[in-house]
Each structure stands twice: as structure tokens, then as C-alpha cells.
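First residue of the sequence shown: 1, per full-length UniProt numbering; consecutive thereafter.
Cβ coordinates follow ideal geometry from the N, Cα and C atoms, glycine included.
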Amino acid sequence: MNRVTHDTNSRKFSLTEEDREAFLSYSEIGSEIWNLTHTFVPAHLRGKGLAEVLTRAALEAAKAEGKKIVPSCSYVESFLKRKGKEYSGLVAHP
């Protein structure tokens with residue numbers, strides 16, 4: 001299993017695979033909401049489930065820290081529709 005790190009200064013979750021970084025970045029909306037904005041996986045590493053690993057790590061961290069999320073990233077939005085019923089309570093609604 002890939003180890004995901006959370007860098008709060010740069011606001012991203014990342015992991016390294018084959019000496020390349022994959023990451024999920026976010027911005028903060030106030031002190032209670034993370035806007036999950038972008039997921040990136042290098043082309044030659046796509047299809048290995050790394051985006052899902054990053055997304056789950058971000059959602060678990062949000063849950064642990066009592067944050068709500070805005071799924072601005074198309075991958076995160078798609079993940080929540082496909083597999084994210086357990087995280088539906090994290091989504092901030094306008």
C-alpha cells in the first residue's frame with residue numbers, strides 16, 4: 001500500500017510511486033471546509049488506483065478533523081458518486 005502524506009502548508013495529499021509524485025490538492029474555505037480542487041497522477045501510473053488512494057486519504061482526514069468538503073475536482077466528484085456513500089455526510093451543501 002502506498003503511504004500518503006498530508007502537507008498542510010502546501011495543502012495537498014501526496015504519494016510517491018516509481019520516483020514520481022501523485023497528489024490531490026485543496027484550498028480552504030474558512031476554517032471548516034476543504035475544497036478538493038485537483039487530482040494528478042503521472043500518465044504512466046494511471047489506472048493503478050492511485051487517485052482513489054489519495055481521495056480516500058483526503059476524505060478520511062477531513063472526517064477525522066471534522067471538516068466538510070467541496071468536490072470541485074471531477075475525479076473526487078465521480079468517486080463520491082460511484083463509491084462514496086460512506087462519505088456523503090462530508091459534502092458541504094450551499
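- Between the alpha carbons of residue 79 and residue 50 lies a gap of roughly 12 Å.
- One alpha carbon belongs to residue 65, the other to residue 45, and they sit about 30 Å apart.
- Runs of the beta strand (DSSP E) spanning 3 or more residues and lying entirely within the stretch 3-89 occur at 5-7, 12-17, 20-29, 33-40 and 68-70, in chain order.
- Just so you know, the alpha carbons of residue 71 and residue 88 end up roughly 11 Å apart.
- When the five nearest sequence neighbours on each side are left out, the beta carbons in the same chain lying within less than 6 Å of the beta carbon of residue 53 are those of 2, in order along the chain.
- Annotated as distal: residue 27 and residue 39, with beta-carbon spacing of 9 Å or more.
- Here the C-alpha atom of residue 90 lies approximately 20 Å from the C-alpha atom of residue 7.
- Across the structure, residue 77 and residue 31 are spaced so that their CA atoms are roughly 22 Å apart.
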